[in-house]
Amino acid sequence: MRAFLRRRLPSGLLVLVLASFLVFLILRLIPGDPASSLAGPDAGPAAVEAVRARLGLDQPLPAQYLHWLGGLLTGDLGPSYAIGGQVADLIGEGLGNTVELTIGALVLVVGIGLPLGVAGAVTKRRPVAALVRAVTTAVLAVPPFVTGILLVLVFAVTLGLLPAGGHESILDEPDIGLQYLLLPAVCLALPSAAILARYLKDSLEQALGEDYVRTATALGISRRRIVWRHALPNALPAALTVLGLQIGQLLGGAVLVEAIFAWPGLGQLAEQGVTRRDYPVVQDLLLLLVAAYVAVQLLTDLVHTWLDPRVRWE
Amino acid sequence: MAASTPSSSPRLSRRALLRGGVAGAGLMTLAACRSATDLNTKAAADTIGTPRRGGTLTVAAGVDFTPSLLFAQSANTLVQRLVFNTLTRYDDQLKPQPELASSWQLAPDGKAVTFKLREDVKYHTGRPFTADDVIFAVKNLQNPARSAQLRSTAAAITGFKKNGDHELTLELAHPVSNLFDLFEFMIIADPATVEDAVAGKQLIGTGPFRFTKRSPGASLSFSRNEQYWNPGRPYLDGVEVRIIPQADSLLSSLRTGQSHLSYDVQGKDVATLKDNAQFRITPYDTGAGGYYIGVNVTAAQVGDKRVRQAIAWAVDRERLVQQALGGYGLASSAPWPKSSPAYSEAGATHYSHNPDKARELLKQAGVTSLSLPFAHSATPGATAVAQILQYDLRQVGIETVLQPTDSPTMQKQLISQTMPALWTLSHGFAQLHPATLAVSAYPFNEAKNSSHFSSPAYTQIVQQAWQRADSDSAEAKALYQRITDTLLDEEFVIDLAIAGEVEVATAKVRGATLNKFNYLNLDDAYLAG
Chain A
1 MRAFLRRRLP
11 SGLLVLVLAS
21 FLVFLILRLI
31 PGDPASSLAG
41 PDAGPAAVEA
51 VRARLGLDQP
61 LPAQYLHWLG
71 GLLTGDLGPS
81 YAIGGQVADL
91 IGEGLGNTVE
101 LTIGALVLVV
111 GIGLPLGVAG
121 AVTKRRPVAA
131 LVRAVTTAVL
141 AVPPFVTGIL
151 LVLVFAVTLG
161 LLPAGGHESI
171 LDEPDIGLQY
181 LLLPAVCLAL
191 PSAAILARYL
201 KDSLEQALGE
211 DYVRTATALG
221 ISRRRIVWRH
231 ALPNALPAAL
241 TVLGLQIGQL
251 LGGAVLVEAI
261 FAWPGLGQLA
271 EQGVTRRDYP
281 VVQDLLLLLV
291 AAYVAVQLLT
301 DLVHTWLDPR
311 VRWE
Chain B
315 MAASTPSSSP
325 RLSRRALLRG
335 GVAGAGLMTL
345 AACRSATDLN
355 TKAAADTIGT
365 PRRGGTLTVA
375 AGVDFTPSLL
385 FAQSANTLVQ
395 RLVFNTLTRY
405 DDQLKPQPEL
415 ASSWQLAPDG
425 KAVTFKLRED
435 VKYHTGRPFT
445 ADDVIFAVKN
455 LQNPARSAQL
465 RSTAAAITGF
475 KKNGDHELTL
485 ELAHPVSNLF
495 DLFEFMIIAD
505 PATVEDAVAG
515 KQLIGTGPFR
525 FTKRSPGASL
535 SFSRNEQYWN
545 PGRPYLDGVE
555 VRIIPQADSL
565 LSSLRTGQSH
575 LSYDVQGKDV
585 ATLKDNAQFR
595 ITPYDTGAGG
605 YYIGVNVTAA
615 QVGDKRVRQA
625 IAWAVDRERL
635 VQQALGGYGL
645 ASSAPWPKSS
655 PAYSEAGATH
665 YSHNPDKARE
675 LLKQAGVTSL
685 SLPFAHSATP
695 GATAVAQILQ
705 YDLRQVGIET
715 VLQPTDSPTM
725 QKQLISQTMP
735 ALWTLSHGFA
745 QLHPATLAVS
755 AYPFNEAKNS
765 SHFSSPAYTQ
775 IVQQAWQRAD
785 SDSAEAKALY
795 QRITDTLLDE
805 EFVIDLAIAG
815 EVEVATAKVR
825 GATLNKFNYL
835 NLDDAYLAG
């Protein structure tokens with residue numbers, strides 16, 4: 001393992017350094033600058049220059065880059081230009097909220113997708129199967145921003161049951177936090193739930209057509225027992241793989257859902273950072289994502305190496 | 315063995331549904347314990363019309379608060395007057411009224427002003443407010459790092475004389491006609507914590523509410539200042555500002571009663587609420603926002619003022635107001651709102667929609683074909699404005715190439731004077747004493763503006779209007795008229811419409827007001843039943 005790490009860590013670090021360089025440069029290439037943005041709509045050039053000097057943006061680019069990198073290495077992400085506060089706190093809070101939304105959605109994906117998939121596979125009633133198919137198709141066809149607006153219109157505006165948007169921490173006030181979470185989580189979960197339902201339905205149908213099911217039926221074992229005890233455990237692994245893939249999908253989709261429901265997660269933070277040219281926030285956020293990918297890649301390779309001796313010996 | 319037959323499968327499905335139903339009902343029961351949608355609406359319930367203590371007012375804002383712009387005019391100015399006070403505040407006629415200053419005396423030559431200050435004012439830390447805090451506030455605005463648009467007016471204050479803890483004289487380099495614009499704008503922050511304030515760590519003022527919490531991008535919370543100097547005020551227990559950048563979500567937040575008040579509902583959306591008894595819509599005629607077409611006079615062909623005048627005749631301002639602003643605005647070819655001493659009917663209607671006149675002027679200028687780049691903000695509202703203008707200009711033979719530009723880029727181009735031939739944006743500062751527009755609003759700045767326009771005559775009139783003690787005498791008004799005449803003749807800024815803020819409030823909100831800089835004043839606000 002040490003040998004593996006010795007071999008792979010330098011390339012991981014190299015990716016990070018290159019990514020930091022690219023992230024830094026690309027942000028500087030986008031037109032517009034934070035100083036003008038911060039100086040306000042009626043500021044004169046002198047005011048802009050003063051802001052530029054205060055932010056250290058009057059320094060040459062290599063100096064700015066090294067200053068940022070130095071901060072990162074010492075664990076100091078520094079203050080945000082426009083949003084206010086420390087970048088580390090902003091990212092920490094945004095990450096917590098995005099994870100909260102993703103976990104909420106994941107629970108719903110399983111909660112909706114599993115029964116829907118099982119119902120679609122085991123029912124012999126045509127209308128039920130058709131309904132399951134129609135629902136999953138419709139949910140997949142409608143983009144999340146439309147679903148989001150519809151959910152708000154029905155459950156918030158018309159029925160007045162749930163808040164239209166915003167966020168309360170589920171840890172601080174669970175009952176209120178849950179109500180804020182429900183609509184965005186449903187909106188985020190629906191497409192993934194439909195995908196899970198479809199995969200589960202297919203694999204469960206396949207499992208139900210196997211010989212052992214016929215044997216079990218012939219032996220007089222109840223249909224319910226056959227489905228839950230025998231067919232489902234065999235059908236689940238394929239569906240679980242799909243579920244795993246959906247987690248990444250959920251994190252990505254959260255950006256749009258966060259905007260619709262004014263949910264202050266990482267997507268909102270990135271959008272704010274880019275719009276206001278808050279360089280430290282965007283730089284750190286992007287680098288964090290790259291680091292996460294590098295870490296996952298390393299971990300995957302490590303597990304792969306551990307599991308497969310052929311790879312280990314190469 | 316009926317259970318083993320395939321016919322039993324629907325029962326399974328029903329069970330699954332039932333389980334789901336029970337889980338759902340569980341959630342609803344949980345919701346029934348305490349509803350997030352009811353928390354805001356149950357805050358206060360009493361007879362309508364009688365000021366009532368209690369409750370938390372929720373304000374929906376489209377833009378987050380930017381701490382580093384605390385001392386500048388920015389897109390979100392709701393926070394300033396909640397936490398801080400100003401020395402004076404304007405009434406509807408632009409007459410200053412006491413706030414932290416109880417009285418004042420202007421020297422006959424206009425080169426000094428002496429303030430008597432309230433003696434019963436304390437900062438949120440408990441420290442008493444004194445004349446030193448006013449001196450700090452002026453010096454703070456003189457600092458270029460604060461990006462204060464009224465810095466030129468603050469910089470005219472060159473001497474500070476303290477006559478005790480609660481009286482001081484500010485000495486001026488020259489008379490300044492918009493001096494009280496500065497005092498309407500200048501919040502009196504606590505000097506010891508001012509750096510924390512611009513870093514977003516804490517906000518310490520003398521105002522009606524204490525800043526308690528901020529979640530960037532999400533919300534700001536305030537609680538009542540129990541030691542507020544204004545007796546019995548504020549009525550509210552607290553204020554929560556929710557940041558909702560998406561227009562549809564902001565509207566939903568108001569419709570569901572989750573938010574009580576907003577100044578960020580767009581014109582077209584306001585129109586959908588105006589017949590709804592649940593809402594009270596109040597347009598402010600302060601005219602804090604002026605829609606305009608800027609012209610870079612160094613660009614080819616628009617250097618000829620006849621071409622600029624042709625553009626001014628070509629645009630249909632009334633249609634713009636109706637279609638893009640939902641009717642909430644005043645079509646006007648001059649920048650001044652009706653509340654301004656510089657306003658005149660003749661100025662507002664100087665240019666009307668007259669394509670024939672536009673074509674005639676283009677002909678006189680020898681222009682046969684014209685294609686101009688036309689920048690606009692890449693937001694739905696600004697794009698609609700640009701498209702309407704593009705259509706109008708095409709009717710007189712002026713082709714435009716729209717350039718949707720994001721806000722920071724536009725801002726940079728504006729300040730660095732690198733705008734294309736045409737652009738459309740909105741400007742502020744016409745709601746104040748007229749000299750402020752020409753010395754502090756960048757598009758009109760006589761010394762340096764985004765249009766590259768300069769003329770000794772314009773500079774002279776602007777300086778004359780600014781460097782005088784009075785602001786509404788006949789002589790002052792004659793100067794404003796000359797500024798208006800110059801603007802209408804030169805048309806380096808082609809004014810289109812004047813839009814004030816539009817307050818959308820649920821029916822129970824009473825007594826909220828904005829000052830001339832859109833600072834939200836909730837001293838007298840309350841939630842009726």
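These protein sequences, in sequence, are chains A and B. My numbering numbers the first residue of the first sequence as 1 and each following residue consecutively. My numbering numbers the first residue of the second sequence as 315 and each following residue consecutively. Where is the CB? At the ideal position from N, CA and C, for every residue including glycine. Quantities reported herein were computed from a predicted structural model and do not represent experimental measurements.
Check whether the Cβ atoms of residue i and residue j lie closer than 8 Å to each other.
i, j, result
"A121(A)", "L208(A)", "yes"
"N539(B)", "R556(B)", "no"
"L57(A)", "A35(A)", "yes"
"G32(A)", "P722(B)", "yes"
"K822(B)", "A842(B)", "yes"
"K830(B)", "T483(B)", "no"
"A752(B)", "Y605(B)", "no"
"P757(B)", "G608(B)", "yes"
"T158(A)", "L190(A)", "no"
"P770(B)", "A735(B)", "no"
"L836(B)", "P597(B)", "no"
"L200(A)", "A138(A)", "no"
"E632(B)", "A645(B)", "yes"
"A262(A)", "G166(A)", "yes"
"A194(A)", "L140(A)", "yes"
Take the Cβ of residue i as the centre, count every other Cβ of all protein chains shown within 10 Å, and call the residue buried at 16 or more, exposed below.
i, result
"W780(B)", "buried"
"V336(B)", "Only weak support exists for where V336(B) lies, its pLDDT of 44 falling under 50; the coordinates are left without a value."
"A130(A)", "exposed"
"H67(A)", "exposed"
"Q407(B)", "exposed"
"K726(B)", "buried"
"A9(A)", "The question names Ala, but residue 9(A) is Leu in the sequence shown. Exposed: under 16 other Cβ atoms inside 10 Å."
"K588(B)", "exposed"
"L370(B)", "Residue 370(B) is actually Thr in this sequence, not Leu. That one is buried."
"H304(A)", "exposed"
"Y833(B)", "buried"
"E789(B)", "exposed"
"D405(B)", "exposed"
Would you say residue i lies against chain B (beta-carbon separation less than 8 Å)?
i, result
"S37(A)", "yes"
"T147(A)", "no"
"Q206(A)", "no"
"G253(A)", "no"
"P233(A)", "no"
Can residue i be considered in contact with the ligand FMN, in the sense that its beta carbon sits closer than 7 Å to one or more heavy atoms?
i, result
"L219(A)", "Only the bare structure without any ligand can be found here, which leaves the ligand FMN out of the picture."
Can you find the residues in the same chain that come closer than 7 Å, C-beta to C-beta, to residue i, ignoring five residues on each side of it along the sequence?
i, result
"Y293(A)", "none"
"L496(B)", "L464, T467, A468"
Which same chain residues end up closer than 8 Å to residue i when comparing Cβ atoms and leaving out the 5 residues on each side of it in sequence?
i, result
"L232(A)", "V118, L204, A207"
"L161(A)", "F155"
Does the beta carbon of residue i sit closer than 8 Å to a beta carbon anywhere in chain A?
i, result
"G552(B)", "no"
"L383(B)", "yes"
"S567(B)", "yes"
"R556(B)", "yes"
"P722(B)", "yes"
"T270(B)", "The requested residue 270(B) is not part of the displayed model; chain B covers only 315 to 843."
"S529(B)", "yes"
"S535(B)", "no"
Cutting at 6 Å between CB atoms, please list the residues of its own chain near residue i, excluding the five before and the five after it.
i, result
"S382(B)", "V512"
"E168(A)", "I176, G177, Y180"
_Is it the case that the stretch 436-456 of chain B contacts the stretch 791-811 of chain B, given that we only count it when at least three CB pairs across the two stretches are under 8 Å?_
no
_Whether or not the stretch 96-116 of chain A and the stretch 243-262 of chain A are in contact is what I'm after, with contact meaning three or more pairs of Cβ atoms, one per stretch, closer than 8 Å; do they touch?_
yes
_Taking 8 Å as the cut-off, does the stretch 620-636 of chain B touch the stretch 673-686 of chain B (at least 3 CB pairs, one atom from each stretch)?_
yes
*Report yes or no: do three or more beta-carbon pairs, one from the stretch 478-495 of chain B and one from the stretch 506-520 of chain B, lie closer than 8 Å?*
no
*Give a yes or no on contact between the stretch 388-399 of chain B and the stretch 372-379 of chain B, applying the rule of three or more CB pairs nearer than 8 Å.*
yes
*If we count Cβ pairs, one from each stretch, closer than 8 Å, do we get three or more for the stretch 449-458 of chain B versus the stretch 418-425 of chain B?*
no
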